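Colleague:
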Amino acid sequence: MINFQWYSEFIFLSSLFICITLITHSLQNEVNQESIAIIGGGFAGIAAFNQLQANGYKNIKIFEASNRIGGRVYPIRYENGYLQFGAQFINGKKNPIYEIAKNLNIINGEEDDDDFIYTGEYKVGKCYLEDDIVKKFTNFSRNLERYYELISGDEKMNSKTIGDMFQKDYKTFLYKEAGLENKLKSKKFYDALARLYKSYYETEWSSPIEKLSLINFDLWDDSEDELKSYTLNEFGYKAILDYLTKNITKKYINFNSRIINIDYTNAKKIALTLSNGDIITNYTKIIVTVPLGHLKKYGYSLFTPTLSKRRTKAISSLGFGNMQKIFFIYKEPFWSEKTKWIHTLSVNDCTKTDTFSKIFLSFQPLDWKNKNILVGWVSGKGPNLIKDLPENILIDKITDHFRTAYNNDSIPRPTKILQKSWALNELFLGSYTYYTPESALLPEDPIKTISRPIYKNGKPIIMFAGEGTHPSIYQTVIGAYLSGQREANRIFRNSYI
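If you use mature numbering (1 follows the signal peptide of the UniProt record, and there is no 0), the sequence shown corresponds to residues -26 to -1, 1 to 471, in order.
1) If Val352 and Ile333 are in contact, beta carbons under 8 Å, what's the gap, nearest whole angstrom?
2) For Lys97, which three-state DSSP category applies?
3) For the region 161 to 180 against the region 426 to 438, are there 3 or more C-beta pairs whose distance is under 8 Å?
4) For the beta strand (DSSP E) containing Ala245, list its first residue and its last residue.
5) Expressed to the nearest angstrom, what Euclidean distance is found between the alpha-carbon atoms of Thr410 and Asp383?
6) Please report the residue range of the alpha helix (DSSP H) in which Ile367 lies.
7) Using 8 Å for Cβ pairs, my map puts Phe90 next to Ser336. What's the rounded Cβ distance?
8) Name the two residues that bound the continuous beta strand (DSSP E) containing Val264.
9) Go ahead and pull the three-state DSSP assignment for Gln393.
10) For Asn54, count neighbouring Cβ atoms within 10 angstroms of its own Cβ and tell me buried if that reaches 16, exposed if not.
11) Shortest alpha-carbon distance to Ile447 belongs to which of Leu57, Leu201 and Asn65?
12) Between which residues of its own chain and Ala11 is the CB-CB distance below 7 Å, once the five residues before and five after are set aside?
13) Note down, in chain order, each residue of its chain lying with its Cβ closer than 7 Å to the Cβ of Leu359, except the 5 sequence neighbours on either side.
14) Give me the Cα-Cα distance between residue 473 and Thr93, rounded to the nearest whole angstrom.
15) Could you pull the start and end residues of the beta strand (DSSP E) that Ser425 belongs to?
16) State the beta-bridge partners of Tyr408 as determined by DSSP.
17) Checking 9 Å against the spacing of the C-beta atoms, do Ile300 and Trp309 come in under that value?
18) Excluding the 5 residues flanking Pro357 on each side, which residues of the same chain have their C-beta closer than 6 Å to its C-beta?
19) Tell me the residue span of the beta strand (DSSP E) that contains Arg51.
20) Please classify Met(-26) as buried or exposed, where buried requires at least 16 other C-beta atoms within 10 Å of its C-beta.
21) Give the range of the beta strand (DSSP E) segment to which Ser446 is assigned.
22) Could you tell me which whole beta strand (DSSP E) segments of length 3 or greater appear in the region 5 to 55?
23) I need the boundaries of the beta strand (DSSP E) containing Pro434, first residue and last residue.
24) Does Gly273 come out as helix, strand or coil in the three-state DSSP assignment?
25) Rounded C-beta distance between Lys305 and Thr389? I'm assuming under 8 Å.
26) State the start and end residues of the unbroken beta strand (DSSP E) segment that holds Lys145.
27) Please classify Leu456: does DSSP put it in a helix, a strand, or coil?
28) Taking the continuous beta strand (DSSP E) assigned at Pro339, which residues delimit it?
29) What are the start and end residues of the beta strand (DSSP E) that includes Gly350?
30) In the DSSP output, which residue or residues are listed as bridge partners for Asp86?
31) When the Cα atoms are used, what is the spatial distance from Ala288 to Ser133?
32) When you compare each of Gly127, Leu170, Tyr274 and Ile391 to Asp237 by their alpha carbons, which one comes out closest?
33) For Phe302, which of helix, strand or coil comes out of DSSP?
34) From the DSSP output, in three-state form, read off Leu187 for me.
35) Using the C-alpha atoms, what's the distance from Leu292 back to Glu412?
36) Are at least three pairs of beta-carbons, each pair with one atom in the region 75 to 86 and one in the region 43 to 58, less than 8 Å apart?
Below, the structure written as structure tokens:
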């Protein structure tokens, strides 16, 4: 006798299995039919490629305009390690980049983001900087960043800049904390320390302080309670880059292949025009990962049809600042082994106070085996002011700068200088993204506007990734990486539709 309940369950399960199989085959066919181009081989492009491959896509091509992979991660071999001309630190623990670095065993320490101000040696030329002045300024400035974070959530403060806030607070400090008599006697030292403090924000945010909206402190979030960054050993981001690119073989990437136009008039055959005139028309999905600086200059001509007015306004209103590292190589160090930072303050009647002296404020000894290298951090308007200086002139100026700051004419000349200008590179035209007061006042978050895909027939065909498209941890390798994964998964999710 037939057990009808068992038979019904068998029929149901068989039908369910057939349906799942058909859906799986249909989805796999959809995946196999997609032809995806990734514009840019930085960490957003790398992450997008790896995620697409993990999701089963096979027809993927990265178009990288330069001759290398990595984007703003730019390690260059030097003796037994790598100099990091781009990203150097990891922001916080709660992210995949930290986990990769941890598994690779390349993390060698942690530091508070503002450590460089308060753990350095102050050099003021022929004058003496009293400990009491440093102590008073430290007590005033140490908690300012936390205070700015607390008030940054107030919408009425969005149009304010960090420069506005600091100038007001600093003026109050001079009168109330330093005292009128001390102000008259020591103001030049406080002014020099204030310039150093402002340079901290300009280095951290890659922005002139007068253009840095307070809203950055409200929106930026690395999911950590404290402002900490993690330092890496002599291999640094080179180890992470090698790990993440092990599956990106030659067949998946075209170097020296700059895309100058993306024509998505025909959604089934998106046309890519290269700078050499070649046109490729076999792609159905595009992930654009070019930096915001490049979009600012070339965004209008890069897309056919042109981008919407809303997206164009978002691109133009956001800031894309500039921060530059310069490696000064010496035969022997003139600083002590215990030195963490050197701050060469520009003080009236004590040191030179020309523009160059106010640009070069902070230097960090390279923290791995090779101890004869100083890393100079130049921020704010500095990179644009020195970008055209020949190396021999820069060597002359930095030598004179150190000799004046140390009040010591025996300070040696560097034997070599290594630097890369992000501002001069047409593929980047700056360092990373920040919110300006103008962008903070837009009706919609401009980063969210930029990150929204372009749709045709109800499906996304042009996706946008990169640090400048991540709403909370923009400016970072982490933000770039997560945004690449986000857009790869967006393509996969929409394969079901």
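Where is the CB? At the ideal position from N, CA and C, for every residue including glycine.
As the structure is a computational prediction, the values presented were derived from the model and not from experiment.
Modeller: On the basis of the data shown:
1) As a first step, residue 352 is located in the sequence shown; it is residue number 378 there, counting from the start. As a first step, residue 333 is located in the sequence shown; it is residue number 359 there, counting from the start. The pair is a contact, with the Cβ atoms about 6 Å apart (cut-off 8 Å).
2) Locating residue 97 in the sequence shown gives position 123, where the first residue counts as 1. Looking at Lys97 - three-state DSSP - the assignment turns out to be strand.
3) The answer is no - the region 426 to 438 does not touch the region 161 to 180, with fewer than three Cβ pairs under 8 Å.
4) Translated into the one-based positions of the sequence shown, residue 245 becomes position 271. Going by DSSP, Ala245 is part of the beta strand (DSSP E) stretching over Ile244 to Leu248.
5) Counting from 1 along the sequence shown, the entry for residue 410 is found at position 436. Counting from 1 along the sequence shown, the entry for residue 383 is found at position 409. Roughly 43 Å separates the two Cα atoms.
6) Taking the first residue of the sequence shown as position 1, residue 367 is located at position 393. It spans Glu365 to Tyr380 - the alpha helix (DSSP H) in which Ile367 sits, taken as one unbroken run.
7) Mapped onto the sequence shown, residue 90 falls at position 116. Mapped onto the sequence shown, residue 336 falls at position 362. Contact between Phe90 and Ser336 holds, with the beta-carbon distance rounding to 6 Å and staying under 8 Å.
8) Numbered from its first residue, the sequence shown carries residue 264 at position 290. From DSSP, Val264 is part of no beta strand (DSSP E); its letter is neither H nor E.
9) Your numbering for residue 393 matches position 419 in the sequence shown. Strand, per DSSP.
10) Sequence index remark: in the sequence shown, residue 54 carries index 80 (1-based). Around the beta carbon of Asn54, a 10 Å sphere encloses fewer than 16 other beta carbons of the protein chains shown; the residue is thus reported as exposed.
11) Position 473 of the sequence shown, counting from 1, holds the residue named residue 447. For Ile447, the closest of Leu57, Leu201 and Asn65 by C-alpha to C-alpha distance is Asn65.
12) In the sequence shown, residue 11 corresponds to position 37, counting from 1. Here the set comprises Lys35, Phe37, Leu246, Tyr257 and Ile260.
13) Here residue 359 is taken as the residue at index 385 of the sequence shown, counted from 1. Closer than 7 Å at the Cβ level, and outside the excluded window around Leu359, lie Thr329 and Ile333.
14) Examination of residue 473 is not possible in this model, given that the chain is present from -26 through 471 alone.
15) Within the sequence shown, residue 425 is the residue found at index 451, counting from 1. Membership of Ser425 in any beta strand (DSSP E) is not indicated; the residue belongs instead to the alpha helix (DSSP H) covering Pro420 to Ser425.
16) Here residue 408 refers to the residue found at position 434 of the sequence shown. Paired residue(s): Gly293.
17) By 1-based counting over the sequence shown, the position of residue 300 is 326. By 1-based counting over the sequence shown, the position of residue 309 is 335. Annotated as distal: Ile300 and Trp309, with beta-carbon spacing of 9 Å or more.
18) Indexing the sequence shown from 1 puts residue 357 at position 383. Answer for Pro357: Asn296, Gln298 and Ala397, listed in chain order.
19) Numbered from 1 along the sequence shown, position 77 holds the residue referred to as residue 51. Taken as a continuous stretch (DSSP letters only), the beta strand (DSSP E) holding Arg51 covers Pro49 to Tyr52.
20) Along the sequence shown, one-based indexing puts residue -26 at 1. For Met(-26), the predicted model reports a pLDDT of 49, less than 50, meaning its position is unreliable; a value from the coordinates is still stated below. Exposed, by the Cβ-count rule.
21) Indexing the sequence shown from 1 puts residue 446 at position 472. Counting along the chain, Ser446 falls outside any beta strand (DSSP E), and DSSP gives it neither H nor E.
22) List check, beta strand (DSSP E) in window: 10 to 13, 34 to 37 and 49 to 52.
23) As a first step, residue 434 must be located in the sequence shown, where it is residue number 460. Per DSSP, Pro434 belongs to the beta strand (DSSP E) from Lys433 to Phe438.
24) Residue mapping note: residue 273 aligns to position 299 of the sequence shown, counting from 1. Of the three classes helix, strand and coil, the one that applies to Gly273 here is helix, per DSSP.
25) Start at 1 with the first residue of the sequence shown, and residue 305 comes out as number 331. Start at 1 with the first residue of the sequence shown, and residue 389 comes out as number 415. That pair is a contact at about 6 Å.
26) Taking the first residue of the sequence shown as 1, we reach residue 145 at position 171. Element bounds for Lys145: not the beta strand (DSSP E) but the alpha helix (DSSP H), Ile136 to Lys150.
27) Within the sequence shown, residue 456 is the residue found at index 482, counting from 1. Of the three classes helix, strand and coil, the one that applies to Leu456 here is helix, per DSSP.
28) The residue you call residue 339 lines up with position 365 of the sequence shown. Unbroken beta strand (DSSP E) run through Pro339: Ser336 to Pro339.
29) As a first step, residue 350 must be located in the sequence shown, where it is residue number 376. Under the DSSP assignment, Gly350 falls in the beta strand (DSSP E) whose first and last residues are Ile347 to Val352.
30) Mapped onto the sequence shown, residue 86 falls at position 112. In the DSSP output, where bridge partners are listed per residue, Asp86 has Lys202.
31) Translated into the one-based positions of the sequence shown, residue 288 becomes position 314. Translated into the one-based positions of the sequence shown, residue 133 becomes position 159. The straight-line gap from Cα to Cα measures roughly 16 Å.
32) As a working note, residue 237 is residue 263 in the sequence shown. Ranked by Cα distance from Asp237, the options Gly127, Leu170, Tyr274 and Ile391 are led by Tyr274.
33) The residue given as residue 302 occupies position 328 in the sequence shown. DSSP, read as helix, strand or coil, puts Phe302 in strand.
34) Stepping through the sequence shown from its first residue, residue 187 is reached at position 213. In the sequence as presented, Leu is not what sits at residue 187; that position holds Ser. Under the three-state reduction of DSSP output, Ser187 falls in the strand class.
35) Your numbering for residue 412 matches position 438 in the sequence shown. Your numbering for residue 292 matches position 318 in the sequence shown. The C-alpha of Glu412 lies about 8 Å from the C-alpha of Leu292.
36) Contact fails: fewer than three Cβ-Cβ distances are below 8 Å.
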